[in-house]
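Single-structure report; data block below.
Number of protein chains: 2
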Amino acid sequence: MDIAIPLYDRMTALDAIGPYEVLSRLPGARVRFVAKTPGGITTDNKMLTLIADEALDDVPHPDIIVVPGGLGTRDLLHDEPLLNWIRTAHETSTWTTSVCTGALLLAAAGLLDGLDATTHWIARDLLAELGANPVAQRVVVQGKIVTAAGVSAGIDMALMLAARVRGPQVAQAIQLGIEYDPQPPFDTGALEKAPPELVTLLRGLADLEEASATHA
Amino acid sequence: MDIAIPLYDRMTALDAIGPYEVLSRLPGARVRFVAKTPGGITTDNKMLTLIADEALDDVPHPDIIVVPGGLGTRDLLHDEPLLNWIRTAHETSTWTTSVCTGALLLAAAGLLDGLDATTHWIARDLLAELGANPVAQRVVVQGKIVTAAGVSAGIDMALMLAARVRGPQVAQAIQLGIEYDPQPPFDTGALEKAPPELVTLLRGLADLEEASATHA
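Those protein sequences? They're chains A and B, same order as listed.
Under the working numbering, the first residue of the first sequence carries the number 92, and numbering increases by one thereafter.
Under the working numbering, the first residue of the second sequence carries the number 92, and numbering increases by one thereafter.
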């Protein structure tokens with residue numbers, strides 16, 4: 092079972108590594124990190140390099156696709172080589188999934204037209220502009236397309252997917268294997284739960300990051 | 092503020108990437124991935140390569156140390172270059188932390204003698220053999236040493252640490268930024284909650300992995 096995770100510059104590492112850590116533990120799974128050009132991929136904060144071992148074209152028909160998010164998605168909304176790979180891979184995939192703003196790439200590829208989908212809360216408007224119907228859920232399943240909310244939601248999504256792919260006992264074993272018994276120190280991890288001033292702060296920071304990236 | 096994360100072959104990626112994703116968002120933070128030899132580091136399942144940009148000696152005095160776990164720890168329990176780096180860095184660190192079986196390396200370096208500590212549930216006995224007092228908690232704070240339980244517990248640990256380092260509001264903003272509002276599909280993520288047959292299954296798998304690694 093091939094699981095392809097496309098990497099690109101300015102992606103968010105945990106978007107990819109959360110699902111990888113879960114799905115790589117499925118019996119028979121082979122996670123393949125792919126990119127337009129194989130080699131080092133620098134994450135959003137420039138502090139980490141992940142290696143894409145293969146080119147997109149080396150893995151045209153993965154069983155599962157996991158598209159991570161990150162600020163870099165904004166530069167890829169018209170990137171035909173990547174969008175075309177997503178579109179083509181989706182034709183034969185068993186599951187096509189995204190984490191965080193990876194949903195923007197699924198939408199840009201035309202996969203989410205008129206469908207319910209989730210993304211990072213900060214990108215809901217943009218997801219709607221791209222044709223999807225954003226909903227405030229952590230994981231959204233629409234046929235074989237599964238979208239997850241921001242960054243850490245990929246872990247929940249992957250466990251749910253593991254249960255669908257190999258049954259609940261295998262998924263439970265993986266959850267125990269990664270000791271996923273979360274005890275977050277605060278209850279501010281969703282837009283609907285966070286104090287408004289935090290939301291305003293993060294929206295401001297995101298605007299700054301996008302502006303500085305545009306002018307970089 | 093320098094945050095050093097030592098990487099080594101057969102580590103578990105999420106152990107490192109969870110805390111990285113949180114701590115890299117602290118104002119002024121610079122996460123530095125270090126290794127005995129800079130370059131590509133292959134994770135436990137051989138499906139992913141992370142880059143260590145610098146040598147251990149390039150970052151002798153980080154403010155925060157995060158030691159990830161993984162099967163590779165078993166080969167490092169007598170690795171003096173790494174253990175000596177941990178020991179020396181700990182002398183001047185503000186916080187010395189571990190995730191999962193990274194605690195075995197803190198213990199092997201002599202940092203946990205007689206102290207309460209946590210690790211992956213499967214390694215509690217080994218942690219005790221190395222001189223620590225294993226406790227069944229997700230995060231354990233002993234002075235400036237913080238240990239986290241298995242794999243995913245590094246996210247909770249890092250958020251707690253973020254609050255101690257920069258105050259609760261910053262930590263809450265980070266939690267909202269990574270949309271950490273976990274909704275695990277099962278409640279089997281801890282030894283005390285999991286069905287006994289799953290625990291037996293995972294202990295068996297772990298023994299197999301260690302055996303095959305020893306004979307590789």
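Ideal Cβ positions, reconstructed from N, Cα and C, are used throughout, including at glycine.
Using 10 angstroms around the beta-carbon of residue i, count the other beta-carbons present and answer buried if the total reaches 16, otherwise exposed.
{"i": "T134/A", "result": "buried"}
{"i": "D166/A", "result": "exposed"}
{"i": "A239/B", "result": "buried"}
{"i": "N136/B", "result": "buried"}
{"i": "T209/A", "result": "buried"}
{"i": "P172/A", "result": "exposed"}
{"i": "L299/B", "result": "exposed"}
{"i": "S303/A", "result": "exposed"}
{"i": "T291/A", "result": "exposed"}
{"i": "R294/B", "result": "exposed"}
{"i": "T183/B", "result": "exposed"}
{"i": "D278/A", "result": "exposed"}
{"i": "P287/A", "result": "exposed"}
{"i": "A285/A", "result": "buried"}
{"i": "A314/B", "result": "Since the displayed chain B opens at 92 and closes at 307, residue 314/B lies outside it and no answer follows."}
{"i": "G109/A", "result": "buried"}
{"i": "D247/A", "result": "buried"}
{"i": "D272/B", "result": "buried"}
{"i": "G234/A", "result": "exposed"}
Near residue i, what residues of its chain come up, given a Cβ to Cβ distance below 7 Å and the 5 sequence neighbours on each side ignored?
{"i": "Y111/B", "result": "I96 and V122"}
{"i": "L168/A", "result": "L195 and A199"}
{"i": "A307/A", "result": "Here the model assigns A307/A a pLDDT of 47, short of 50, so the residue's position is not dependable and the matter cannot be decided."}
{"i": "S115/A", "result": "V122"}
{"i": "A219/B", "result": "P225"}
I'd like the span of the beta strand (DSSP E) that includes residue i, first residue to last.
{"i": "L197/B", "result": "First-last for L197/B: G193 to A199, but that is the alpha helix (DSSP H), not the beta strand (DSSP E)."}
{"i": "G109/B", "result": "Note, G109/B: premise wrong, no beta strand (DSSP E); alpha helix (DSSP H) at A104 to L114."}
{"i": "T188/B", "result": "W186 to V190"}
{"i": "I213/B", "result": "That residue, I213/B, is in no beta strand (DSSP E); it is neither H nor E in DSSP."}
{"i": "R178/B", "result": "Careful: R178/B lies outside any beta strand (DSSP E), inside the alpha helix (DSSP H) at E171 to T183."}
{"i": "A223/B", "result": "Segment: none, A223/B is in no beta strand (DSSP E) and carries neither H nor E."}
{"i": "A126/B", "result": "R121 to A126"}
Taking Cβ positions only, does residue i come closer than 9 Å to chain B?
{"i": "W212/A", "result": "yes"}
{"i": "R101/A", "result": "no"}
{"i": "L289/A", "result": "yes"}
{"i": "Q274/A", "result": "yes"}
{"i": "K284/A", "result": "yes"}
{"i": "M138/A", "result": "yes"}
{"i": "V242/A", "result": "yes"}
{"i": "Q233/A", "result": "no"}
{"i": "A262/A", "result": "yes"}
{"i": "I236/A", "result": "no"}
{"i": "V230/A", "result": "yes"}
{"i": "M92/A", "result": "no"}
{"i": "A95/A", "result": "no"}
{"i": "D216/A", "result": "no"}
{"i": "D149/A", "result": "no"}
Report all residues from its chain with a CB closer than 6 Å to the CB of residue i; omit the five preceding and five following residues, and keep chain order.
{"i": "A107/B", "result": "I96 and P159"}
{"i": "G241/B", "result": "C191 and H211"}
{"i": "D154/B", "result": "M92, D93 and T185"}
{"i": "I177/B", "result": "A200"}
{"i": "T188/A", "result": "V157 and V237"}
Just checking: is the beta-carbon of residue i within a distance shorter than 9 Å of some beta-carbon in chain A?
{"i": "Y121/B", "result": "Per the sequence shown, residue 121/B should be read as Arg rather than Tyr. Yes, R121/B counts as interfacial toward chain A."}
{"i": "A307/B", "result": "Its pLDDT being 47, under 50, A307/B is placed unreliably by the model, and the measurement read from it follows with that caveat. Not closer than 9 Å to any Cβ of chain A, the Cβ of A307/B fails to qualify, so no."}
{"i": "T279/B", "result": "yes"}
{"i": "G268/B", "result": "yes"}
{"i": "V226/B", "result": "no"}
{"i": "L162/B", "result": "no"}
{"i": "G258/B", "result": "no"}
{"i": "A104/B", "result": "yes"}
For residue i, which residues from the same chain have a beta carbon less than 8 Å from its beta carbon, with the 5 sequence-adjacent residues on both sides left out?
{"i": "G130/B", "result": "I142 and A143"}
From which residue to which residue does the alpha helix (DSSP H) around residue i run?
{"i": "P97/B", "result": "Note, P97/B: premise wrong, no alpha helix (DSSP H); beta strand (DSSP E) at D93 to P97."}
Counting only beta-carbon separations shorter than 9 Å, does residue i have a partner in chain C?
{"i": "D144/B", "result": "Reference to chain C is not applicable here, since the protein chains of this structure are A and B."}
Practice item. Output the residue ranges of the alpha helix (DSSP H) runs that lie fully inside the region 230-295 of chain A and measure 4 residues or longer, sorted by chain position. Key: Listed in chain order, the alpha helix (DSSP H) runs fully inside the region 230-295 of chain A are 244-257 and 259-268, counting runs of at least 4 residues.
Review point. Can you list the beta strand (DSSP E) stretches of 3 or more residues lying completely in the region 132-159 of chain A, in chain order?
Key: The qualifying runs are 140-143 and 155-158.
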